[in-house]
Amino acid sequence: MRDILDIYTPRCFLEVLAWPRLVNAILLLCFAYALYILAQSYHEYREDVAFGLRHGCLPPPELPNKLPLGIDWLRKLWRSDAEQHLLAFLCSIADGFEPRNMLSQYFLFGPRAYHILDPRNLEAVQSTNFEDYGFGVRYEVFAPLLGHGIFTQEGPAWKHSRELLRKQFIRTQYQKSDSFSEHIDNLLACLPVSGEAIDLQPLFFKLTLDTTTALLLGSSVYSLKGDLVADTEIKAFAENFEVAQSGLAKRFRLAPWQFFYSPPMFRRACAEVHRFVDNYIRERSVNAQKEGEMPSSDSFVDQLAQEASSHTMLRDQLLNILLAGRDTTACCLSWTMRLLIRHDAIMGRLRREIRSVIGEDQHPSREQIKRMPFLASVIKESLRLFPPVPLNNRTATKTTILPRGGGPDGTAPILVRRGELVVYSQYVNARRKNIYGPDADEFRPERWEGHSHANPFGWAYFPFNGGPRACLGQDFALMEVSYTIVRLLQRFPVIKLPADETRGVIGNEKQRLTLVLACGEGCRVELGGKK
């Protein structure tokens with residue numbers, strides 16, 4: 039009763055009356071803020087339109103939607119991904135826009151995306167107008183696995199990480215191929231006797247894990263010759279790494295709604311990968327202390343350890359480098375061997391070049407590999423058809439333009455507003471018949487011969503990206519792939535397609551697409567005549 043009576047005292051009565059005024063004030067502030075945002079957006083829109091008019095920008099063709107918000111295309115994308123034919127589906131879309139070399143789309147209230155097919159637009163995004171583009175939500179997409187590393191960093195942090203890595207790779211260019219030979223010997227020791235078929239793809243992943251850890255971490259994990267316990271741990275790491283990468287790929291395709299995909303299996307895989315790398319860092323530190331070693335200024339991991347602000351940051355950087363050094367090179371090796379065993383004449387010509395330069399027994403040196411132009415053409419053609427990183431994008435950090443693709447004939451510039459996406463694919467561009475000719479879908483290394491320039495196709499060929507973010511490990515990766523192929527062909531006079539497999543059509547095979555492009559059918563070969 040006292041509480042009820044208190045309501046009618048003047049003080050409490052005034053407080054009750056004040057509540058509606060407070061609510062109204064809050065609503066008024068929210069309304070004013072919404073008006074401010076709308077006015078600001080309208081002002082930016084007017085400025086963008088004026089900017090586009092000054093540069094003669096015209097819109098590109100629109101990807102037609104049958105269902106609202108592009109839901110029909112999203113369903114097709116996810117279905118083709120589940121069937122392991124996502125990239126073939128993207129190529130089928132691009133085929134309808136070949137004369138224009140550009141299309142745009144708009145999905146589920148997300149930002150507008152411009153799909154770049156013209157090399158001049160690629161040059162603008164990766165080089166000429168590099169400062170106009172950033173990663174957008176890439177960190178949020180990749181953070182569960184990669185955290186703060188060179189592939190999620192921008193600005194000063196990225197420049198610092200890149201400089202550390204650049205010094206490491208410069209040193210490797212002056213090293214002999216001995217840094218590969220130990221691990222290639224371990225690979226060859228794993229291969230069966232004559233007449234047996236084997237899938238080389240998982241072995242290539244182990245090989246590149248060994249070489250990458252040796253280069254960047256100071257010591258190899260020796261997955262190709264580890265004991266049973268170590269081999270089990272590395273196998274679990276590889277499986278979890280693949281599950282985690284597959285999850286990141288799904289988040290990448292959902293962006294900016296990536297937070298909708300975070301199932302327990304994905305989170306568990308990321309945690310297990312982190313645990314593996316954490317254990318490796320701790321074990322290496324303990325072993326170094328036992329042996330009385332001092333951190334080496336020449337070691338990439340030691341440089342990182344000295345400058346990293348936390349153990350987590352060190353782990354993130356190492357994971358970023360492992361992803362680049364292990365997975366991309368292993369994929370290149372797998373696709374190259376898969377193509378070679380399906381093209382006998384090319385395999386024969388490559389064998390003849392190897393014999394003419396170094397014979398059949400001598401281990402190749404860096405200088406000898408550089409004297410094998412057809413080997414270089416084979417690898418370039420493999421990277422053209424099956425780039426390890428087949429999809430990429432950038433987000434405009436300010437309103438800018440793409441030089442081509444707009445208007446009735448596709449020659450006008452295109453306005454790209456701040457926050458909008460540009461999407462590009464080496465896989466799709468590699469099959470453009472208006473760039474590579476009517477045989478663009480075929481494996482023909484000869485297309486690289488007879489040119490004065492190492493890359494006659496310019497910005498239509500970018501397996502290692504270009505501009506400021508060009509891959510620092512390009513020389514290391516190409517040398518590792520070249521050395522491995524030469525050693526395999528020297529050791530086995532016969533490497534052929536197993537009898538139970540068909541040659542198939544390039545591009546129709548199943549593809550396992552995570553952050554990198556691996557073959558869903560593996561790289562099965564039949565080995566014969568082992569030396």
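The sequence shown begins at 39 in the numbering used here and counts up one residue at a time. Just so it is clear, CB atoms sit at the ideal spot from N, CA and C, and this is done for glycine as well. These figures come from a predicted structure and were not determined experimentally.
For residue i, the first and last residue of its enclosing beta strand (DSSP E)
i, result
"Gly566", "562-566"
"Leu510", "Where Leu510 is concerned, there is no enclosing beta strand (DSSP E), given that its DSSP letter is neither H nor E."
As assigned by DSSP and simplified to three states, the class of residue i
i, result
"Tyr74", "helix"
"Gln549", "strand"
"Ala282", "helix"
"Leu440", "strand"
"Ile272", "helix"
"His153", "strand"
"Pro333", "Residue placement at Pro333 cannot be trusted, given a pLDDT of 49 that sits under 50; what the coordinates show is reported in the next sentence. If DSSP states are grouped into helix, strand and coil, Pro333 belongs with coil."
"Ile452", "strand"
"Asn431", "strand"
"Leu146", "Unreliable placement is indicated for Leu146, whose pLDDT of 49 sits below 50; no coordinate value is reported for it."
"Leu413", "helix"
"Glu480", "coil"
"Val543", "coil"
"Leu96", "coil"
"Leu356", "helix"
"Pro58", "helix"
"Thr190", "coil"
"Ala293", "coil"
"Val259", "coil"
"Gly496", "helix"
"Gln528", "helix"
"Lys418", "helix"
"His221", "helix"
"Asp447", "coil"
"Gln400", "coil"
"Ser165", "helix"
"Phe69", "helix"
"Leu160", "helix"
"Gly505", "helix"
Spatially closest choice to residue i from the options, by CA coordinates
i, options, result
"Arg380", "Met351, Ile533, Glu100", "Ile533"
"Ser372", "Leu526, Thr250, Val339, Ala434", "Leu526"
"Trp486", "Pro428, Lys548, Leu421, Thr433", "Leu421"
"Met187", "Thr251, Asn493, Leu342", "For the sequence presented, residue 187 should be read as Gly rather than Met. Ranking the options by Cα distance to Gly187, first place goes to Leu342."
"Glu345", "Glu201, Pro402, Ala287", "Glu201"
"Tyr474", "Phe279, Arg455, Trp497, Arg456", "Trp497"
"Tyr171", "Tyr74, Ile272, Arg455", "Arg455"
"Met351", "Thr190, Asp538, Glu547, Gly256", "Thr190"
"Asp447", "Asp110, Val524, Pro99", "Pro99"
"Val248", "Leu203, His349, Arg84, Asn224", "Position check: residue 248 holds Asp in this sequence, whereas Val was assumed. Here the closest residue by C-alpha is Asn224."
"Asp513", "Phe207, Phe89, Gly567, Tyr71", "Phe207"
"Gln122", "Gly545, Ala195, Gly567, Val563", "Gly545"
"Arg376", "Ala434, Arg393, Leu423", "Leu423"
"His401", "Pro149, Pro476, Leu516, Gln528", "Gln528"
"Pro230", "Tyr74, Leu254, Phe530", "Phe530"
Terminal residues of the alpha helix (DSSP H) in which residue i lies
i, result
"Val179", "176-184"
"Asn472", "471-474"
"Asp248", "238-255"
"Thr367", "367-378"
"Cys557", "Looking at the DSSP string, Cys557 is not in any alpha helix (DSSP H); the run it does join, the beta strand (DSSP E), is 555-557."
"Tyr465", "464-467"
"Leu115", "109-120"
"Leu361", "Careful: Leu361 lies outside any alpha helix (DSSP H) and carries neither H nor E."
"Val395", "382-396"
"Ala126", "124-133"
"Arg485", "From DSSP, Arg485 is part of no alpha helix (DSSP H); its letter is neither H nor E."
"Gln406", "404-407"
DSSP bridge partner residues for residue i (one or two, in chain order)
i, result
"Lys534", "Glu564"
"Ala235", "Glu564"
"Val460", "Tyr152, Arg432"
"Gly172", "Thr433"
Cutoff 9 Å: residue i Cβ touching any chain C Cβ
i, result
"Lys534", "Considering every chain present, this structure includes no chain C. It has just one protein chain."
At least 3 beta-carbon pairs within less than 8 Å: the segment 157-175 vs the segment 282-296:
yes
Using 8 Å as the threshold, is the segment 307-323 in touch with the segment 351-367, meaning 3 or more CB pairs across them?
yes
The segment 543-557 contacting the segment 280-290, beta-carbon criterion three pairs below 8 Å:
yes
Kindly confirm or deny that the segment 451-466 and the segment 90-108 touch, where touching means at least three C-beta pairs closer than 8 Å.
yes
Please determine if the segment 217-230 and the segment 363-371 are in contact, where contact requires at least 3 C-beta pairs separated by less than 8 Å.
no
Is there contact here, the segment 405-413 with the segment 502-520, by at least three beta-carbon pairs under 8 Å?
yes
Would you say the segment 155-164 touches the segment 429-442, given that touching needs at least three Cβ pairs under 8 Å?
yes
Inspect the CB distances between the segment 271-279 and the segment 380-389 and report whether three or more fall short of 8 Å.
no
Given 8 Å, three or more beta-carbon pairs between the segment 457-471 and the segment 103-121:
no
Does the segment 499-517 come close enough to the segment 420-434 to have 3 or more Cβ pairs within less than 8 Å?
yes
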